[in-house]
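Using the UniProt record's numbering, the first residue of the sequence shown is number 1, and each one after it goes up by one.
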Amino acid sequence: MQLEDLRVVLKVAEFRSITAAATHLDMQMATASAAVKRVEVALGVELFVRTTRHLRLSTAGERYLPQCTAALSMLDQAKQTIHNDLGIISGEIRLAVSSDLGRNIAIPWVDDFMVQYPQVTLRAHVSDSNVDFYRDALDIALRYGAPADSNLYGFKICNVPRLLVASPEYLELHGTPTQPKDLLNHQCLFYQLQNILNDTWHFSCKESGAERSYKIKPSAYCASNDGDLVRRWCVAGKGVAVKSCLDIAQDLLAGRVVSLMPEYNLPQGELWLISPSRQSITPTVRLLRDMFRERTKALLTQLVEQGFIERHVLEDDGKGF
């Protein structure tokens, strides 16, 4: 019996579907089905009860597969222990990342990581769509916001303030907004996800010692489901946008865009590295996590030193694996 066949069987048991397991393992359904059949033939029992619509564990499968899971886990741990002792960092990274953060920041950082660890390979999934670890065969995702699903595992990378920005060329032509209501007279650039237009901006500001909130809904001049395109429009002088300070950091530092209305704060976000299971959190993933933390802290520190964001942003609570 081949260990790889057994791994396929365990994935089929996890997803209750040969099709879903094959997709996650990046193989043909016929290949996965054949692996299941080989294991059942070797054991002389059927591990699954199959119907036209459903697949569930048989009584034999319920008894046998949990022990196999434990045994394979021990083998994987032994392999990792050897690699750790020898200082070997290897394997494929299947990473999902949003368009703007991925193209301009995260993927170049991963490229540097792969130069340092040449036995690591990358499969990148760059999209602003919601992550489906099982459908898209992913190991980790670098995303804004803590994981909403309690079955997922995550590590907070850093705090991420959001900023209102525009290019100097745009401001020269259209003037500089100084308060939220001024934005009603400006060309505003919006991000859209799954046909939902994020066209309402929330600000807060301390006035006479009290915190006051503002909600503004400007007209959309341009909108896109690609965050990188919104950034490019902003840099090109097409309008005013709200962007993550990480996404817009290089443009801020180079003077291609200007931070507007600094006394008015937008809701702060967080950057997280998310995984579907503890088994996906390998030594390579942990090193990658540490690299993301170091690189984001260095970039945020530059923004603090240039006065774009406040120093308390660098405070971290160490959430996650």
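Where is the CB? At the ideal position from N, CA and C, for every residue including glycine. Note that the coordinates shown come from a computational prediction; the quantities given were computed from them, not determined experimentally.
Pairwise C-alpha distance: Met74 and Asp226 = 43 Å
For Ile89, three-class secondary structure by DSSP = DSSP places Ile89 in coil when its eight states are reduced to three.
Run through DSSP, which three-state label would Lys238 get?
-> coil
heavy atom of the ligand GTP below 8 Å from Val285 C-beta | Summarising the ligand content, the structure contains no ligands, and the ligand GTP is consequently not present.
Give the straight-line distance between the Cα atoms of Leu57 and Arg38, rounded to the nearest whole angstrom.
-> 16 Å
Where Tyr214 and Trp201 are concerned, what is the direct C-alpha to C-alpha distance, given to the nearest angstrom?
-> Rounded to whole angstroms, the separation of the alpha carbons of Trp201 and Tyr214 is 8 Å.
Shortest alpha-carbon distance to Leu260 belongs to which of Ile309, Ala298, Thr296?
-> Ile309
State buried or exposed for Val41, treating a residue as buried only when at least 16 other CB atoms are found within 10 Å of its CB.
-> exposed
Using DSSP bridges, identify the partner residues of Lys206.
-> Glu211
Arg278 burial status per 10 Å Cβ neighbour count (16 or more: buried) = exposed
The region 164–179 / the region 261–270 touching (three or more Cβ pairs under 8 Å) = The region 164–179 is in contact with the region 261–270.
Inter-residue spacing [alpha-carbon to alpha-carbon] between Ser280 and Ser98 = 20 Å
In or out: Arg16 buried (at least 16 other Cβ within 10 Å) or exposed?
-> exposed
Figure out for me which residue from Gln28, Ile18, His24, Val45 has the closest Cα to the Cα of residue 344.
-> One cannot answer for residue 344 here, as it falls past the ends of the chain, which runs 1 to 321.
Between which two residues does the alpha helix (DSSP H) containing Phe155 stretch?
-> Run containing Phe155: none in the alpha helix (DSSP H); it sits in the beta strand (DSSP E), 153–160.
Nearest to Trp233 (by Cα), restricted to the options Glu211, Gln179, Ile93, Phe190 = Phe190
Can at least three beta-carbon pairs, one atom from the region 206–224 and one from the region 269–277, be found at a separation below 8 Å?
-> no
Below 9 Å between beta carbons: does that hold for Leu105 and Asp139?
-> The question names Leu, yet the displayed sequence has Ile at residue 105. No; because the gap between Cβ atoms is not below 9 Å, this pair is not in contact.
Under a three-way DSSP split, which group does Leu55 fall into?
-> Under the three-state reduction of DSSP output, Leu55 falls in the strand class.
Can you tell which of Asp136, Ala137, Asp132 has the C-alpha that lies nearest to the C-alpha of Asp149?
-> Asp132
Okay, do the region 250–260 and the region 115–128 touch, 3+ Cβ pairs below 8 Å being the bar?
-> no
Which of helix, strand or coil does DSSP assign to Gly102?
-> helix
Anyone know if the C-beta pair for Ile216 and Leu184 falls short of 9 Å?
-> yes
Span of the beta strand (DSSP E), counted from its first residue to its last, around Leu47 = No beta strand (DSSP E) holds Leu47; DSSP gives it neither H nor E.
What is the DSSP secondary structure of Gln192, counted as helix, strand or coil?
-> strand
Give me the Cβ distance between Tyr153 and Gly239, rounded to the nearest whole Å; I'm assuming they're in contact under 8 Å.
-> In fact, because the Cβ distance is near 39 Å, the residues do not count as touching under 8 Å.
Where does Ser244 sit, in a helix, a strand or coil, going by DSSP?
-> strand
DSSP state of Gly227, grouped into three classes?
-> helix
Taking the runs of the beta strand (DSSP E) that are 3 residues or longer, which of them lie wholly in the region 268–294?
-> Entirely contained in the region 268–294, the beta strand (DSSP E) runs reaching 3 residues are, in chain order, 269–275.
Val258 bridges to which residues according to DSSP?
-> Ala166
Kindly list the residues whose CB is nearer than 8 Å to the CB of Glu14, restricted to its own chain and excluding five residues on each side of it in sequence; keep chain order.
-> Ala21
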